[in-house]
Amino acid sequence: MAKNETLGYREYRNYLCIRFGLIFALSMQFTVVTYWIYQITNHSKMALAYVGLAEVIPVIACSFFSGYFVDLSEKRNLMVKIIVSYLLLGLGLFYLSLPAAATHLSHDWRIGLIYLVIFLGGVIRSFVGPTAFSLVGLLIPKKLYPNAVSWSSMAWQLGGVFGPIFSGIIIASYGPASGMGIVVAIELLLLIPILRIAAKPILKKEREPIFQSIGAGLKFVFKTPALLGAQLLDMFSVLFGGAIALLPAVVEERFPLEAGVYFSGPVAFGLLRSAMGIGALLTLVLLAFYPLKTNPGKKLFVCTGGFALGIIAFGLSPYLFLSFGLLILTGMFDAVSVVVRGTILQLVTPDDMRGRVASVNSMFISSSNELGDFESGTMAHYLGTFPAIITGGFITLLVVGITYFRTPQLRKFRFEDHGA
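Per my numbering, the sequence shown runs over residues 3 to 422.
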């Protein structure tokens with residue numbers, strides 16, 4: 003236990019349960035919704051692009067304000083409200099996936115309501131990152147942050163791995179409605195571990211003008227070159243290197259459902275959707291027991307470059323299990339980047355600014371993930387699925403090269419210089 007003292011903290015273990023359960027449920031939901039939308043819109047790639055756009059608009063719009071309110075709120079109770087809100091939205095998607103909804107609602111109304119629920123989920127998501135980031139900082143001492151980031155990322159990736167696999171099997175066997183019913187049940191169960199965490203003190207009690215407070219968070223990020231460089235590298239690499247949003251089209255074009263072939267159609271989709279998470283999980287298990295200690299900045303650049311090369315190779319691969327292996331490899335590279343970025347964020351952020359700084363971080367992440375989904379869908383619409391994936395990989399390599407030479411503070415960053 004010496005290497006993993008964080009697991010000795012009961013509340014932190016409950017926090018890990020929440021991390022795992024929430025991403026399991028949300029990744030299941032994302033897998034169900036993207037596959038479902040693709041099917042009911044006659045295989046429209048732009049419909050996939052709009053899924054990302056519907057979520058990213060409220061995330062970015064609300065991120066500035068969410069961090070301000072998180073810093074002034076009690077974190078445990080706020081997380082309870084987040085889980086309950088996701089539960090209500092899950093019930094909405096569950097209803098829309100039922101045959102009764104298809105009977106009582108027109109096709110356009112049904113699709114519009116699905117996008118509306120995704121939009122509201124984006125509003126909630128703008129509070130998730132700042133709340134979770136602020137809460138974990140109150141559960142363990144600072145010296146354990148690097149190890150805590152590894153375990154937290156591992157829990158997140160476990161959910162990200164098994165959620166899509168389970169979802170693909172459920173879709174293939176029982177349909178989208180059953181998948182959404184399971185999502186709702188999981189979100190209900192998440193109330194157990196969050197209520198086992200005690201309420202925490204509010205570190206920022208004085209209220210200052212909202213825009214002045216938000217500006218302080220932005221100023222801190224832009225005046226911390228290593229943090230800013232890590233966020234920009236992540237944003238642009240995932241913006242252009244994200245192939246996950248196109249997986250329904252990849253499966254439809256290269257691995258369509260075939261009679262007598264188990265690994266095709268929805269099962270192939272769930273397998274590929276989980277591959278990056280499997281790779282990330284393998285790496286995070288190693289990092290939990292053998293943490294990064296030397297040259298984390300340089301390793302961040304090497305792994306982001308490896309991620310880009312893996313995406314290019316995936317775009318060229320004609321075989322399912324080769325594609326699966328390549329996505330596992332990209333997930334392994336991405337996991338190192340996640341741990342380095344997360345540790346930098348935990349180490350350099352003052353306790354009373356965690357919500358606001360994390361909200362800026364959430365804005366970067368959302369910009370890369372959901373705008374990346376929109377960019378990928380749009381590029382695929384005009385260039386084709388696989389040319390879009392390959393082009394995105396090459397642009398990511400260019401971003402890595404530019405960032406490497408423009409941010410020496412990130413390149414030379416060391417954990418031990420910041421108390422870890």
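No residue lacks a Cβ here, since even glycine has one placed at the ideal position from N, Cα and C.
So the alpha helix (DSSP H) residue i belongs to, where does it begin and stop?
i: Ser68; result: 47-73
i: Met237; result: 227-243
i: Phe96; result: 77-98
i: Lys145; result: Counting along the chain, Lys145 falls outside any alpha helix (DSSP H), and DSSP gives it neither H nor E.
i: Pro203; result: It is not in any alpha helix (DSSP H) - Pro203 carries neither H nor E in the DSSP assignment.
i: Phe26; result: 12-42
i: Phe415; result: Counting along the chain, Phe415 falls outside any alpha helix (DSSP H), and DSSP gives it neither H nor E.
i: Ile120; result: 109-138
i: Pro389; result: 387-408
i: Thr105; result: 101-106
Are the beta-carbon atoms belonging to residue i and residue j less than 9 Å from one another?
i: Leu274; j: Leu50; result: no
i: Ile204; j: Tyr17; result: no
i: Phe335; j: Phe164; result: no
i: Val114; j: Pro268; result: In the sequence as displayed, the identity of residue 114 is Gly instead of Val. Not in contact: Gly114 and Pro268 (Cβ atoms no closer than 9 Å).
i: Ser65; j: Val338; result: no
i: Arg280; j: Gly333; result: Note that residue 280 is Ile in the sequence shown here, rather than Arg. Taking 9 Å as the Cβ cut-off, Ile280 and Gly333 qualify as a contacting pair.
i: Gly69; j: Leu91; result: no
i: Asp375; j: Ile172; result: no
i: Gly181; j: Val287; result: no
i: Thr409; j: Leu284; result: no
i: Lys47; j: Thr387; result: yes
i: Leu311; j: Val185; result: no
i: Met278; j: Leu329; result: yes
i: Leu125; j: Leu98; result: Checking the sequence, you will find Val at residue 125 rather than Leu. In this structure, Leu98 does not lie closer than 9 Å to Val125 by Cβ.
i: Arg343; j: Gln411; result: no
i: Phe168; j: Gly272; result: yes
i: Phe213; j: Ile397; result: no
i: Tyr40; j: Ala174; result: no
i: Met30; j: Pro211; result: no
i: Leu24; j: Tyr117; result: no
i: Val401; j: Phe238; result: yes
i: Leu141; j: Glu13; result: yes
i: Asp353; j: Gly217; result: no
Under 9 Å between C-beta atoms, does residue i make it to chain B?
i: Ser175; result: The chain labelled as chain B is not found in the depicted structure, where only one protein chain is given.
Report all residues from its chain with a CB closer than 6 Å to the CB of residue i; omit the five preceding and five following residues, and keep chain order.
i: Phe121; result: Ala56, Pro60
i: Leu289; result: Ser152, Val341
i: Met81; result: Thr133, Ile196
i: Met381; result: Ala390
i: Ile314; result: Ile392, Gly395
i: Ala201; result: Glu76, Arg78
i: Gly357; result: Gly69, Val72, Asp73, Pro132, Ser136
i: Gly244; result: Gly374, Ser378
i: Thr105; result: none
i: Cys19; result: Pro195
i: Thr43; result: Ala49
i: Leu399; result: Ala310
i: Leu107; result: none
i: Val317; result: The sequence shown places Gly at residue 317, not Val. Contacts found: Phe388, Ile391, Ile392.
Going by beta carbon distance, what residues of the same chain come within less than 7 Å of residue i, once the five residues before and after it are set aside?
i: Leu146; result: Glu7, Thr8
i: Leu230; result: Val223, Phe224
i: Ala85; result: In the sequence as displayed, the identity of residue 85 is Ile instead of Ala. Correct list, in chain order: Glu189, Leu192, Leu193, Ile196.
i: Ala270; result: Val253, Phe257, Leu322
i: Phe415; result: Ala228, Pro298, Gly299, Ile346
i: Ser319; result: Ser325, Leu328
i: Ala360; result: Gly69, Gly131, Pro132, Phe135, Ser136
i: Ser266; result: Phe257, Pro258, Leu259, Glu260
i: Leu331; result: Gly281, Gly312
Ignore the nearest five residues each way along the sequence and tell me which others in residue i's own chain have a CB closer than 8 Å to its CB.
i: Pro143; result: none
i: Tyr406; result: Phe303, Arg413
i: Gly183; result: Phe96
i: Arg21; result: Ala134, Ser154, Ala157, Trp158, Gly161
i: Phe417; result: Pro148, Leu294, Lys295, Pro298, Thr345, Leu349
i: Leu93; result: Val186
i: Leu385; result: Thr393
i: Asn371; result: Gly54, Val58, Val240, Gly244
Exercise. Can you list the beta strand (DSSP E) stretches of 3 or more residues lying completely in the segment 160-200, in chain order?
Worked result: none
Problem set entry | In chain order, each alpha helix (DSSP H) run of at least 4 residues that lies wholly inside the segment 260-337 | 267-291, 298-318
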